[in-house]
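Protein chains in written order, with the working numbering: chain A, 4 to 84; chain B, 4 to 84; chain C, 4 to 156; chain D, 4 to 156.
Idealized CB from N, CA, C, for every residue including glycine.
Model, not experiment: these values are computed from the prediction.
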Amino acid sequence: MLYFAWLRQRVGVAEETVDLPDDVTTVGAMLAWLRERSDAHATALADLSVVRVAVNQDYARDGDPVANGDEVALFPPVTGG
Amino acid sequence: MLYFAWLRQRVGVAEETVDLPDDVTTVGAMLAWLRERSDAHATALADLSVVRVAVNQDYARDGDPVANGDEVALFPPVTGG
Amino acid sequence: MIRVQREDFDIGAELEALTAGNHRIGGIATFVGTVRDIADGRPISTMTLEHYPGMTEKQLGAIEQEARQRWDLESCLIIHRYGRLEPGERIVMVATTSAHRAAALESCAFLIDWLKTKAPFWKLEETDGGAQWVDAHPTDEDAAARWSDPSKS
Amino acid sequence: MIRVQREDFDIGAELEALTAGNHRIGGIATFVGTVRDIADGRPISTMTLEHYPGMTEKQLGAIEQEARQRWDLESCLIIHRYGRLEPGERIVMVATTSAHRAAALESCAFLIDWLKTKAPFWKLEETDGGAQWVDAHPTDEDAAARWSDPSKS
C-alpha cells in the first residue's frame, strides 16, 4: 500500500504491507477495511471524495477488484502540469 | 497602386500611379475602372472573388471610400503563417 | 511584440527573452510553422514568401492588440519571415504567456489562425512542375471564423 | 516520448531534437508550464513536486498514445519535472508536431489538459504561512472533460 502527498502525511507512512482478508475483494471494501486499521487511517480516509486509488498503476473505482499482491496506491486528486 | 503575388505578375508591374476620375469614389468603382486600363488589368481582375483590396494598409470592401492620395494595394487571398 | 524579418530565429532564445524575470507567468504557449517538403502530393524544392511591407507590421500589430484585449497576457510575440525558404525551415513563430494555461493556449491558437487570414503574405512554391502560388485554404477561413463567434470562444 | 526528471530542460534543444530532419512537419505546438510566485494571493518561495514513480511514466505514456490515436502526429514529447522548484522555473513541457497546424495545436492542448488530471503529481507550495498541498482545480477537470465529449473535439 503506497500513500502520496497529504495522504502519506496523515497516514504517517509512505508505504505499508497489508494482508487483505478474504472477503475484501474490491477497492470500495478495501477502503472501508483500511479505515479500521488506525485513527490515522480513519482521519486520512475520512473524506473519500478527495481520495484517488490506483491498482497496479492504473486508476481504479470502488467496484474494481483488488487482491493481495496488487500494487495499490492512495493519493489526493493530482495537481501536476 | 500596389500589386502583389500573381496579381503583380498578371498586371505586369509591382506599382503604378493612377489618377482616379472624380466619379470613382469607392473601392468597387475603382476596381471596375482599373479593369478598363489594359488587357492585363482585365485578365488580372477577371475574378474579383480572389482579389483583396487594402486602402492605407487596411482591408477594404467594395463600398469603402477611396481617393487619389490613398495607398491602395490589390492582392490575392493571403497565405502566410 | 512583432517582428518581420528575412533571418531565421532561435525559439529557445526568443522564449527566454519573452519570459525572463517575469514570475507571474504560469504558462507559455508557442506555435512554429515550418516549410513542408511536399504540397498536394508534389515535392517542393523551395518556397518564397512575398509580403506587403508596412501593412504586414500594421496587421500583425492589430492582431496582437486583439489578443491582448481578449486574454490577460503577460507577453506576446509574433515573428514572421519572408524571402526564400527551404523545406524544414521555420516560417513563423507565435508565443503567448499568461498566469493561466488556458489563456496562453487559446490566444496562441487565435494568433496563428487570424494571422493566416489577415497578414499579407503570399507563398510561391517551386516544384518539379514549376513555380506556383499557393491557394488560400477555405479551412483557414473556418479556423479564423471560430474566433469571431462569441459562443465558441 | 516521455521523460520524468529532476533536472531542467532546454526548450530550443528539445524542439530541435523533435523536428530534426523531418520535413513532413508543418506545425510545432508547445506548452511550457512554469512556477508562479503567487498563489491565491500568497507569495510562494518554493514548490515541491512529489510524484508516483512508475505510475507517472505509465500514465504519461498512455496519454501520449491517446494523442497519437486522435491526431496524425509526426512526433510528440512530454517532459515533467519533480522535486524542488523555485518561481520562474519550468515544470512541464509538452510539444507535438504534425503536417497541419490544427492537429499540432489541438493535441498540445489535449496533452496538457489530460496530464493535469491524470498524471500522478502533487504540488506542495511553501508560503509565509507554511507549506500547503495545492488543491486540484475543478476547472482542470472541465478542461480535460471537453476532450471526452466528441461533439466538442
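Can you have a look at residue 116 of chain C and say buried or exposed, based on whether 16 or more other CB atoms are within 10 angstroms of its CB? buried
Per the DSSP calculation, residue 86 of chain C is bridged to which residue(s)? C:52
Close beta carbons around residue 33 of chain C, own chain, < 6 angstroms, minus the five adjacent residues each side: 98
Can you name, in chain order, every residue of its own chain whose Cβ lies under 7 angstroms from the Cβ of residue 123 of chain C, other than the five neighbours on each side? 54, 55, 58, 59, 62
Express the C-alpha separation of residue 15 of chain C and residue 29 of chain B in angstroms, rounding to a whole number. 47 angstroms
Run through chain C and tell me which residues come within less than 8 angstroms of residue 81 of chain B, C-beta to C-beta. 119, 120, 121, 122, 123, 124, 125, 139
Identify the contact partners of residue 95 of chain D in chain A, using a Cβ-Cβ distance below 9 angstroms as the criterion. 83, 84
State yes or no: is the C-beta of residue 81 of chain A within less than 8 angstroms of the C-beta of residue 75 of chain A? no
Contact list for the region 33-54 of chain C against chain D, Cβ threshold 8 angstroms: 33, 34, 35, 36, 37, 38, 39, 40, 41
What number of angstroms, rounded off, separates the C-alpha of residue 114 of chain D from the C-alpha of residue 40 of chain C? 27 angstroms
Note down, in chain order, each residue of its chain lying with its Cβ closer than 7 angstroms to the Cβ of residue 21 of chain D, except the 5 sequence neighbours on either side. 78, 80, 98, 100
If you follow the beta strand (DSSP E) that residue 36 of chain C is part of, which residue opens it and which one closes it? 30-37
State the Cα-Cα distance for the pair residue 64 of chain B and residue 55 of chain B, rounded to the nearest angstrom. 8 angstroms
What number of angstroms, rounded off, separates the C-alpha of residue 20 of chain A from the C-alpha of residue 119 of chain C? 59 angstroms
Of all the options D:35, D:51, D:104, which has the alpha carbon lying nearest to the alpha carbon of residue 82 of chain D? D:35
Do residue 79 of chain A and residue 35 of chain A have their C-beta atoms within less than 8 angstroms of each other? no
Can you list the residues of chain B that residue 136 of chain C reaches, using a CB-CB cut of under 9 angstroms? 8, 9, 12, 79, 82
Could you name the residues that DSSP lists as bridge partners for residue 101 of chain C? C:30, C:76
Please specify which runs of the alpha helix (DSSP H), each continuous and at least 4 residues long, are wholly inside the region 107-153 of chain D, giving them in chain order. 141-148
For residue 63 of chain B and chain C, any beta-carbon pair shorter than 8 angstroms? no
With a cut-off of 8 angstroms, does the C-beta of residue 1 of chain B fall near any C-beta of chain C? Chain B is shown only over 4 to 84; residue 1 of chain B falls outside these bounds and no answer can be derived.
8 angstroms Cβ shell around residue 11 of chain D - same chain, five flanking residues per side excluded: 84, 92, 93
Within chain D, the residues that residue 104 of chain C reaches when beta carbons sit closer than 7 angstroms: 34, 36, 115
Going along chain D in order, which residues have a C-beta closer than 9 angstroms to the C-beta of residue 16 of chain C? 15
Strictly under 8 angstroms for the Cβ-Cβ distance: is residue 49 of chain A near chain D by that measure? no
Taking 8 angstroms as the CB-CB cut-off, is residue 4 of chain D touching chain A? no
Cβ of residue 91 of chain C within 8 angstroms of any chain D Cβ: yes
Tell me whether residue 42 of chain A sits in a helix, a strand or coil according to DSSP, three-state version. helix
Can you pull the DSSP bridge partners for residue 56 of chain B? B:63, B:77
Cα-Cα, which of C:110, C:52, C:7, C:105 is closest to residue 71 of chain C? C:110
Under a Cβ-count criterion, where at least 16 other Cβ atoms within 10 Å of its own Cβ denotes burial, should residue 143 of chain D be classed as buried or exposed? buried
Leaving aside the five residues before and after residue 125 of chain C along the sequence, list all residues of the same chain whose C-beta is less than 6 angstroms from its C-beta, in chain order. 53
Taking 8 angstroms as the threshold (beta carbon to beta carbon), is residue 27 of chain D in contact with chain C? yes
Decide if residue 16 of chain B is buried, meaning its Cβ has at least 16 other Cβ atoms within 10 Å, or exposed. exposed
Between the Cα of residue 45 of chain C and those of C:66, C:129, C:151, spot the shortest distance and give me the residue it belongs to. C:129
Which whole-angstrom value is the C-beta distance of residue 107 of chain C and residue 30 of chain C, which I expect to be below 8 angstroms? 4 angstroms
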